[in-house]
Amino acid sequence: MVKGMDEIAKGKLIFKQVTDENGKTSWKVELVPATTKVDKNLTWKIPVSYLTGDLEFLAMILGREGYASWWCMFCMRYKPEWQQKPEDIIQGLDIDELIAQHTSNVTQQHTSTNMKGVKEVPYLKKGTIVIFPCLHGMLGVGNAIMDFFYDEIDRFVEPITGAELAVRQSIPNNNVLLEEEVHSLTLWNNSVTGGKEIKRLTRKVKEECESVEQPMTLAKHTIVTDMKSRIEALTQVGEKMSNNITKLKEEISTAKKKLDAFRKLRKVTHSSVYNGIERILKEHKIVRASYHGGISMALTSLP
């Protein structure tokens, strides 16, 4: 892919008028190396705009969620779909396709993976060419391989303390609980005894209070008060479930930070397996480095 990009960027386009066997004329376009000598009358300089660069900025300008984990940098595929190695992916991201996907998301109210990672309308005109950031891709693949390698060392080789083992096991356990809580809250919000009931009661209270034809009597006031109490009780149930979700997320985040601290300590501990691997890599003059983007942006930062 990089070779092809270089050929396009550094090469020349030759336009030739050709005649077929029926005498019909047409134009033929050839891409040739820059060193090829051609008739100047057959060459034109065609300005073309390309976009590439930092992945976070690229994702933002394309109106996409981001490229840190799930969405492909080259196409519209989702992480689980990568394993299928689809043969129909022959070109990179297309601005027209992204705009069409956003329109579909709005009109059909797509959610989750059905949005194809498109959150906003791209900040680019139709027809803009998006070049796959090969350097970032190679760095990302290399970093992922090394991270996986060291994760496996951490899990199966490196001696760890009971405290670290407990923290490590808490993450998948809490992830399961988090998934269950989120699912339960979603069901509750959509149930006639939960979220839908709150909406129904709220609407009923508003109608009763704004009714001109039926003045607020004692009996009516009692009914409205009961409905408000019911709304408050149901709201507390929903808030409790939401608080449980927030708490689990915080516990998972805290556990990950603790694991990072354990791992950083191993990096400076001479007797650790991690340190031993680092010394072996240095002996064979293998330089390991990671790239980290230097900007932090949100889609809302652009007007």
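Each residue of the sequence shown is one higher than the one before, starting from 34 at the first, in my numbering.
Every residue gets a Cβ at the ideal spot worked out from N, C-alpha and C, and that includes glycine.
Note that the coordinates shown come from a computational prediction; the quantities given were computed from them, not determined experimentally.
Item, Value
"Would you tell me roughly how many angstroms separate the C-alpha atoms of residue 220 and residue 109, rounded to the nearest one?", "29 angstroms"
"Return the bridge partner residues of residue 64 from the DSSP annotation.", "46"
"Could I get the ranges of all uninterrupted alpha helix (DSSP H) runs contained in the stretch 176-250, with 4 residues as the minimum, in chain order?", "195-222, 228-243"
"Near residue 281, which residues of its chain fall below 7 angstroms by C-beta distance, leaving aside the five closest residues on each side in sequence?", "207, 210, 211, 214"
"Which residues in the same chain have their Cβ closer than 6 angstroms to the Cβ of residue 169, if we skip the five residues on either side of it in sequence?", "88"
"Can you tell me whether residue 316 is buried or exposed, with buried defined as 16 or more other CB within 10 angstroms of its CB?", "exposed"
"Taking DSSP as the reference, what is the three-state secondary structure of residue 103?", "coil"
"Which residue marks the beginning of the alpha helix (DSSP H) containing residue 137, and which one marks its end?", "128-140"
"What does DSSP give as the partner residues of residue 52 in its beta bridges?", "58"
"Let me know the secondary structure DSSP gives residue 312 once reduced to three states.", "helix"
"By a C-beta neighbour count over all protein chains shown, 10 Å radius and 16 as the cutoff for buried, is residue 149 buried or exposed?", "buried"
"Spatial neighbours of residue 130 within its chain, please: C-beta separation below 8 angstroms, excluding the five flanking residues on both sides.", "109"
"Going by beta carbon distance, what residues of the same chain come within less than 7 angstroms of residue 238, once the five residues before and after it are set aside?", "257, 260, 261"
"Return helix, strand or coil for residue 97, following the three-state DSSP convention.", "strand"
"Does DSSP put residue 111 in a helix, in a strand, or in coil?", "strand"
"With H, G and I counted as helix, E and B as strand and the rest as coil, what does DSSP make of residue 319?", "coil"
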